[in-house]
Amino acid sequence: MSAANVGPERPGGQGLDPNQEESGNRAILQLLTTDEGAAWTDFVATLRVAADGTSAYEAWARRGMVRWVREYAPDGGYEYPVLEVLGQNPLANQDPFALPTYEAELAASEAGPNDRPGSFIPHDAVTYPYAYERLSQLFDNPNAPDLVVNAEAFAFGLSPGQHGNLDVVQSRSPLIFSGPGAKHGRRVAAMARQIDIAPTIAHIMGFPFIDGRDVTGRMCSEQGFEPGVYLKRQDGHVLTEVVDDAGERPERVYLLLLDGQSHTELVHRLESDEHSIPNLRRLISRGTLLEHGSITNFPSITWPSHNAIGTGCWGGHHDIVNPSYYLRAERETVSPQGQQFDTARFLSPEVETLFEAFHRVYGEWDGAFAGALTASIIEPCTRGADHATLERRIVGDKQALIELTHETQHEINPRWKDELEDFGHRMMGEIDNRGLAQARLLFTDPAHAKPKFIYHEFSQPDAAAHDYGPHHEGARAALDETDTRIGHILRTLEGVDCFEDTLFIITTDHGMADQDVSLEANPARIPERNGMAAVTTEPFIYLRDVAIEIEVAHDGRTGRVTVVDNDAGTTGEWPPIAGAQVTVLDAKHHTVSTAHTDAGGTAGFVIPADVRARDLALSVVAAGFNTRHVRLDGTNLAVDLREALYGNAG
Ligand SMILES: [Zn+2]
4 MSAANVGPER PGGQGLDPNQ EESGNRAILQ LLTTDEGAAW TDFVATLRVA ADGTSAYEAW
64 ARRGMVRWVR EYAPDGGYEY PVLEVLGQNP LANQDPFALP TYEAELAASE AGPNDRPGSF
124 IPHDAVTYPY AYERLSQLFD NPNAPDLVVN AEAFAFGLSP GQHGNLDVVQ SRSPLIFSGP
184 GAKHGRRVAA MARQIDIAPT IAHIMGFPFI DGRDVTGRMC SEQGFEPGVY LKRQDGHVLT
244 EVVDDAGERP ERVYLLLLDG QSHTELVHRL ESDEHSIPNL RRLISRGTLL EHGSITNFPS
304 ITWPSHNAIG TGCWGGHHDI VNPSYYLRAE RETVSPQGQQ FDTARFLSPE VETLFEAFHR
364 VYGEWDGAFA GALTASIIEP CTRGADHATL ERRIVGDKQA LIELTHETQH EINPRWKDEL
424 EDFGHRMMGE IDNRGLAQAR LLFTDPAHAK PKFIYHEFSQ PDAAAHDYGP HHEGARAALD
484 ETDTRIGHIL RTLEGVDCFE DTLFIITTDH GMADQDVSLE ANPARIPERN GMAAVTTEPF
544 IYLRDVAIEI EVAHDGRTGR VTVVDNDAGT TGEWPPIAGA QVTVLDAKHH TVSTAHTDAG
604 GTAGFVIPAD VRARDLALSV VAAGFNTRHV RLDGTNLAVD LREALYGNAG
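Be aware that the sequence shown starts at 4, since it is given in my numbering, and climbs by one per residue.
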């Protein structure tokens with residue numbers, strides 16, 4: 004392996020280490036070859052860490068596997084050389100421009116197996132934009148899983164619409180820049196990622212360059228460069244295709260996030276339904292629409308993606324790696340997306356939010372007219388925002404907010420209460436209506452300056468696309484209702500003379516794909532359901548394994564095994580496992596002896612005089628952990644995945 008191979012930024016148990024070769028390979032085999040796995044799983048990705056500490060990334064599918072590493076590129080950033088391909092490289096097609104329209108999605112779905120109805124798209128019709136970068140960044144984080152499972156694009160859960168995958172349909176967001184600083188009245192074909200939005204905003208606003216970290220985690224100065232980033236950490240870059248450096252600079256930025264809104268559906272509405280969504284249409288007409296949208300974080304899920312947009316960093320770097328994830332040391336699963344409120348504390352202090360950057364450049368808001376007032380409205384990225392609904396920091400008089408909320412209450416479509424999912428989705432119209440009131444008051448309250456930066460989430464499109472499907476008439480009604488709310492915002496800004504000098508950005512946090520709900524699929528749960536010791540927070544799998552150390556005495560007649568938890572605890576020590584059953588097996592798998600580990604995790608065993616140590620193996624069974632089989636020299640008796648999946652011995 005090349006000396007330039009750059010491993011995970013913060014090693015902390017993520018991926019498969021040598022103690023997890025057996026369990027990891029067994030889990031991958033179950034995920035790909037059980038009946039459910041064969042029907043539901045597209046591929047399984049991991050970071051494989053060798054005994055010498057070097058590592059490589061792997062993606063395994065039934066059709067083939069690919070193994071790659073990450074190296075510093077000569078001109079900055081990373082490159083991702085491929086070391087090995089067996090069969091068909093499952094990530095070979097990374098075209099971010101694939102399936103650019105609703106019609107293309109429908110055409111691709113017709114090629115699907117089994118004549119399934121609906122627009123279910125098989126894996127050979129999707130692409131995986133920026134696959135090596137988006138998978139590798141995840142494993143930079145100590146809270147990343149051992150395995151991450153990409154479901155078939157149509158095979159996840161019980162909702163007609165879903166997202167989370169690496170593929171282009173579930174990872175594509177619309178992206179529009181509109182107003183001063185953005186090019187006018189254009190559609191462009193440009194490669195864009197959601198981590199590029201924050202640097203592009205900073206550039207348009209004229210923020211100064213700073214000596215921050217780039218995608219490699221290294222400071223500009225560390226690499227011998229002048230200060231050249233806009234944010235404390237900046238994985239993305241400026242989207243020069245949308246920027247108009249010659250025009251006026253905007254006075255403020257209004258980021259409108261239409262949660263879960265399909266890009267292809269939005270463009271379909273623009274092109275096929277002339278008088279629909281007039282307010283979005285108006286914004287788009289005075290800006291630049293990216294023809295192929297923009298690619299989100301991986302996993303393409305709400306909390307990680309919103310924070311990727313708000314920080315310009317991948318989830319593996321901003322720390323909110325998934326809606327829910329497991330803290331190995333604490334033996335605890337946390338769910339920022341589940342708790343919704345007060346989740347800024349999960350965001351890494353090593354990244355900077357746009358709210359914080361606006362304050363760095365324009366000063367802290369003093370509660371009145373000095374400094375920059377920033378607002379996060381019903382928005383999961385909150386840290387540093389003066390007004391932050393989801394941190395319970397509300398700027399504005401409560402009674403005034405109630406009155407404004409009542410004014411537009413009648414615009415909530417009554418069908419949501421009857422038709423949408425009981426848990427959460429029925430209330431999305433109410434929640435978005437409250438957000439609208441907050442936005443209006445922030446601009447009309449004479450007690451303080453106008454906001455300088457607003458990041459405003461609309462959740463109705465997501466709720467409807469999940470419950471009806473992304474191209475269903477119900478999802479269209481949700482976009483119509485959201486457009487009405489955007490109309491109020493535009494009129495409010497016009498009323499206080501703030502429309503013309505505001506840069507608007509319209510985007511979302513992930514794509515949305517039609518699901519075959521009859522499958523009731525959930526591939527990441529397969530190993531746990533098949534008896535493996537694992538913590539599953541879909542699409543993540545954390546295997547619970549033991550680390551084993553074997554010492555054979557000099558005379559070759561006795562040995563000693565020490566069994567500890569493979570995940571270090573909060574003190575950094577690996578807790579010993581007491582009561583693990585150690586069985587010594589001969590070459591014919593006959594039991595030679597058994598023992599149990601003591602409180603220190605240690606057991607002694609006898610090596611019979613007529614048996615060679617190299618012919619013996621140990622099995623270690625500990626409650627709550629995956630069973631290990633090892634030779635006395637410590638090497639694993641693990642399934643050979645290359646042989647088992649592709650008949651490729653050695
Ligand atoms: Zn979302």
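A virtual CB, placed ideally from N, CA and C, is assigned to each residue, including glycine. Keep in mind that this is a model prediction, so the values were computed, not measured.
**Prompt:** Just checking, does the region 520–539 make contact with the region 169–184 on the three C-beta pairs under 8 angstroms criterion?
**Reply:** They do not touch, by the three-pair rule.
**Request:** Let me have the residue list for ligand 1: C-beta closer than 5 angstroms to any non-hydrogen atom, ordered along the chain.
**Result:** Working through the chain, the matches are 262, 263, 305, 465 and 512.
**Request:** Tell me whether residue 401 is buried or exposed, calling it buried when 16 or more other Cβ atoms sit within 10 Å of its Cβ.
**Result:** Exposed is the call here.
**Request:** Pick helix, strand or coil for residue 60, following the three-state DSSP scheme.
**Result:** In this structure, residue 60 counts as strand in the three-state DSSP scheme.
**Asked** Which class does residue 407 belong to by DSSP, given the choice of helix, strand or coil?
**Response** Here residue 407 sits in helix by DSSP.
**Asked** Can residue 131 and residue 97 be called in contact, C-beta distance under 7 angstroms?
**Response** Annotated as proximal: residue 131 and residue 97, with beta-carbon spacing under 7 angstroms.
**Neighbourhood of residue 116 by C-beta, 7 angstroms cutoff - its chain only, sequence neighbours within 5 removed** = The predicted model places residue 116 with a pLDDT of 48, which falls under 50 and marks its position as unreliable; any figure quoted below should be read in that light. Cβ neighbours of residue 116 beyond the five flanking positions: 125.
**Helix, strand or coil at residue 654 [DSSP, three-state]** = Past the boundaries of the shown model lies residue 654; the chain is included only from 4 to 653, so the question cannot be answered.
**Message:** Check whether the region 436–446 and the region 369–384 touch, using three or more Cβ-Cβ pairs below 8 angstroms as the test.
**Reply:** Note that the region 436–446 touches the region 369–384; at least 3 beta-carbon pairs, one per stretch, sit closer than 8 angstroms.
**Item:** Of the residues 104, 57, 156 and 68, the one placed nearest residue 542, counting alpha carbons only
**Value:** Out of 104, 57, 156 and 68, the CA that lies nearest to the CA of residue 542 is found in 156.
**Message:** Please return the same chain residues whose Cβ sits closer than 7 angstroms to the Cβ of residue 206, not counting the five positions on each side in sequence.
**Reply:** Cβ-Cβ distances below 7 angstroms link residue 206 to 233, 241 and 246 in the same chain, with the five nearest sequence neighbours on each side left out; the list follows chain order.
**Between the CA atoms of residue 189 and residue 288 - distance to the nearest angstrom** = For residue 288 and residue 189, the distance between alpha carbons rounds to 8 angstroms.
**Item:** CA nearest to the CA of residue 465, picked from 489, 515 and 30
**Value:** The shortest C-alpha separation from residue 465 is found at 515.
**Request:** Measure the alpha-carbon distance for residue 42 versus residue 557 and round it to whole angstroms.
**Result:** Taking the straight line from one Cα to the other gives about 52 angstroms.
**Item:** Cβ pair residue 608, residue 536 closer than 7 angstroms
**Value:** Not closer than 7 angstroms, so no.
**Request:** Leaving out five residues on either side along the sequence, give the residues of the same chain with a beta carbon under 8 angstroms from the beta carbon of residue 18.
**Result:** In its chain, beyond the 5 residues on either side, 11, 49, 50, 51, 52, 58, 142, 147 and 149 have a beta carbon closer than 8 angstroms to the beta carbon of residue 18.
**Request:** With DSSP as the reference, label residue 498 as helix, strand or coil.
**Result:** Three-state DSSP puts residue 498 in a helix.
**Request:** Spatial neighbours of residue 214 within its chain, please: CB distance less than 7 angstroms, with the 5 preceding and 5 following residues excluded, ordered by chain position.
**Result:** Excluding residues within five positions, the ones whose Cβ falls inside 7 angstroms are 222, 223, 224 and 230.
**Asked** What do you get for residue 420, buried or exposed, if any count of 16 or more other CB atoms within 10 angstroms of its CB means buried?
**Response** Its Cβ having fewer than 16 others within 10 Å, residue 420 is exposed.
**Item:** Complete runs of the beta strand (DSSP E) confined to the region 51–100 [at least 3 residues]
**Value:** Unbroken beta strand (DSSP E) stretches of 3 residues or longer found wholly inside the region 51–100: 58–64, 67–71 and 85–90, given in chain order.
**Asked** For residue 499, does the count of other Cβ atoms within 10 angstroms reach 16, so buried, or fall short, so exposed?
**Response** Result: exposed.
**Message:** Going by beta-carbon coordinates alone, are residue 258 and residue 508 separated by less than 7 angstroms?
**Reply:** Yes. Within cutoff.
**Request:** Classify residue 530 as helix, strand or coil using the three-state DSSP reduction.
**Result:** Reduced to three states, the DSSP call for residue 530 is helix.
**Asked** Start and end of the beta strand (DSSP E) containing residue 584?
**Response** Start and end: 584–588.
**Prompt:** Terminal residues of the continuous beta strand (DSSP E) containing residue 267?
**Reply:** Note, residue 267: premise wrong, no beta strand (DSSP E); alpha helix (DSSP H) at 266–275.
**Asked** Closest by CA to residue 554, which one among 583, 616 and 569?
**Response** The residue with the shortest Cα to Cα distance from residue 554 is 616.
**Request:** Just mark residue 648 as buried or exposed, buried being the case when its beta carbon has 16 or more other beta carbons within 10 Å.
**Result:** Taking a 10 Å sphere around the C-beta of residue 648, we find 16 or more other C-beta atoms and assign the residue as buried.
**Asked** How would you label residue 23, buried or exposed, when you count the other beta carbons within 10 angstroms and need 16 or more for buried?
**Response** Burial of residue 23 is indicated by the presence of at least 16 other C-beta atoms within 10 angstroms of its C-beta.
**Request:** Give the secondary structure of residue 634 by DSSP, where H, G and I count as helix, E and B as strand, and everything else as coil.
**Result:** If DSSP states are grouped into helix, strand and coil, residue 634 belongs with the strands.
**Selection from 322, 159, 78 and 26 that minimises the alpha carbon distance to residue 145** = The candidate whose alpha carbon is nearest that of residue 145 is 322.
**Element boundaries [beta strand (DSSP E), containing residue 181]** = Secondary structure note for residue 181: its beta strand (DSSP E) is the uninterrupted segment 178–181.
**Own chain, CB closer than 6 angstroms to residue 622, minus 5 neighbours either side, in chain order** = Closer than 6 angstroms at the Cβ level, and outside the excluded window around residue 622, lie 586 and 632.
**Request:** Evaluate residue 569 with the Cβ neighbour count: other Cβ atoms within 10 Å of its Cβ, from every protein chain shown; 16 or more gives buried, anything less gives exposed.
**Result:** So residue 569 counts as buried.
**Item:** Cutoff 7 angstroms: residue 622 Cβ touching any chain C Cβ
**Value:** Although the question refers to chain C, the structure presented lacks it and comprises just one protein chain.
**Prompt:** Where does residue 152 sit, in a helix, a strand or coil, going by DSSP?
**Reply:** Strand, per DSSP.
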